[in-house]
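Below, the structure written as structure tokens:
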């Protein structure tokens with residue numbers, strides 16, 4: 006070696022792929038613990054108290070206001086029918102008090118109609134017929150609801166319904182064979198005697 010040759014004692018740090026450097030190794034070893042702590046925190050904190058999910062059209066709040074302010078069971082509240090959903094449910098704008106009209110789904114009290122999300126062709130045909138029948142009954146005009154209560158599904162109320170010519174829409178649907186009596190609990194299927 007010549008006397009003028011420099012000896013470089015400094016060595017550049019070796020470039021390692023991610024996860025192999027000192028910080029990468031620490032980060033990689035901490036990831037499982039971050040995951041475990043996140044899961045533990047998520048299960049220990051009730052999510053409904055710290056996350057406020059947006060509700061579609063404020064329907065849940067409207068429904069709560071409607072049944073809480075309904076008054077006595079025999080007080081009738083006029084409604085504007087928006088659409089018929091199926092043979093036992095429709096969407097309406099409920100006039101709760103002067104100047105206060107709220108939108109909700111109304112389920113007819115005491116009946117169960119076949120579902121449009123049918124399990125067999127027979128149920129679908131029955132559901133379509135029941136939906137048309139309810140639409141025609143509500144089309145009589147001057148629709149009102151009373152005996153309003155909360156339903157087991159969010160975003161709707163259960164109520165008795167009257168029109169200009171029909172004193173009890175649920176009774177009319179039962180008498181015409183479009184629905185069956187329902188008092189809560191488990192509902193049986195509509196396809197027992199039908200070929201799937």
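Residue numbers (this note's numbering): 6 to 201.
Yeah, the Cβ is synthetic: ideal placement off N, Cα and C, and Gly gets one too.
Nearest to residue 114 by alpha-carbon distance, out of 126, 83, 187, is 187. The alpha carbon of residue 147 has as its nearest neighbour, out of 127, 174, 39, 133, the alpha carbon of 174. Judged by beta-carbon spacing, residue 97 lies beyond the 8 angstroms limit of residue 80, meaning their Cβ atoms are not closer than that value. The beta-carbon separation of residue 94 and residue 67, rounded to 16 angstroms, does not stay under the 8 angstroms limit for a contact. For residue 139, same chain residues with a beta-carbon under 6 angstroms away, outside a window of 5 residues either side, are 89, 92 in chain order. Leaving aside the five residues that flank residue 124 on each side, the residues in its chain whose CB is nearer than 8 angstroms to its CB run, in chain order, 194, 195, 196, 201. Taking the Cα of residue 170 as reference, the smallest distance to any Cα among 157, 145, 83 is reached at 145.
By the CB criterion at 8 angstroms, residue 83 and residue 151 fall outside the cutoff. With contacts defined as CB atoms closer than 8 angstroms, residue 135 and residue 178 qualify as a contacting pair.
Of the residues 34, 111, 38, the one whose Cα lies closest to the Cα of residue 160 is 111.
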